[in-house]
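Presented below is the structure to which this report refers.
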Amino acid sequence: MTSMTRNKLCKTLALTTITALCVGLAPAPVSAGQSAPGAPNPGASDVAETMTAKQRAIPMIAAFMATSDMPKLNAALDRGLSAGLTISETKELLVQLYAYAGFPRSLNALGELMKVLESRKQRGIHDAPGREPSRTIATGEALQKAGKANQERISGGPVASPVFEFAPVINQYLQSHLFGDIFERDNLDWQSRELATLGALAAMPGVEAQLRSHMRASLRVGLSTAQLREVVQVLSEHVDQQSGERARAALAQASAAASGK
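Going letter by letter, the sequence shown gives residues -32 to -1, 1 to 229 in mature numbering (1 follows the signal peptide of the UniProt record, and there is no 0).
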């Protein structure tokens, strides 16, 4: 390998690492369907080749929440509840997504969920309440330690970057809050959390780097390439072609990385 080729490769790897950092995910080789070791509720041990109706509803809910399309969000929430999402799981999806789409959209979406539940109740539909997290969430240093461990499981290894050296507090927030406070809540499995994140990021132009990172993360927590192709299909058919194309491009890169190409 020539010196010029080595320099070009190093610059490419550095850029790839930096663009993955807004969600705290550094690139690492993975195999399709590889589960995060020790992850709470990472999904079934056997990798599924198709999504359930419940799983298919999640990216749609997330996409319409991220774009503040309330009429379509209303319909997607109704569809998700009919497919088996519990009230607790649905609330958890919308709460988590504030970390990617912002508090205003999350609050508005939770308000829309309240309307949907009331409408369903008036129609005689009694949705399963689901459950709250089964364990107490740590605080302080213990919380950041737990979040750091979760971050590394999802990322495929320790996360380091010049960006985190430049602004260390952003990684502290990621570890303590996103991967700590949120991902330690076990009333929603990690596969569902990643499906929601994919839907939201695919619907928002300009965050393709983060979308690519979460495609890789989705493989790590046990979603299969075939299931992720379904995510692309769901977004293309039920959200819009642009969202589907962004997801398709991210999946192609994640699949290439997983196969070592």
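Note that the Cβ used here is the ideal one computed from N, Cα and C, for glycine as well.
- Glu86 and Gly79 have their C-alpha atoms spaced approximately 11 Å apart.
- Ranked by Cα distance from Leu156, the options Glu100, Lys83 and Gly70 are led by Glu100.
- Assignment of Pro27 by DSSP, reduced to helix, strand and coil, places it in the helix class.
- Between Ala225 and the set Asn139, Gln210, Arg184 and Ala16, the nearest pair of CA atoms involves Arg184.
- For Ala110, the closest of Val131, Phe147 and Ala171 by C-alpha to C-alpha distance is Phe147.
- Across the set Arg161, Gly125, Ala16 and Val189, the C-alpha of Arg161 shows the shortest separation from the C-alpha of Ala30.
- Residue environment for Pro72: exposed (fewer than 16 other C-beta atoms within 10 angstroms of its C-beta).
- Glu100 carries a coil assignment under DSSP once its states are collapsed to helix, strand and coil.
- The C-beta distance from Gln143 to Gly108 rounds to 12 Å, too long to meet the 8 Å contact threshold.
- In this chain, Arg91 is not harboured by any alpha helix (DSSP H), its DSSP state being neither H nor E.
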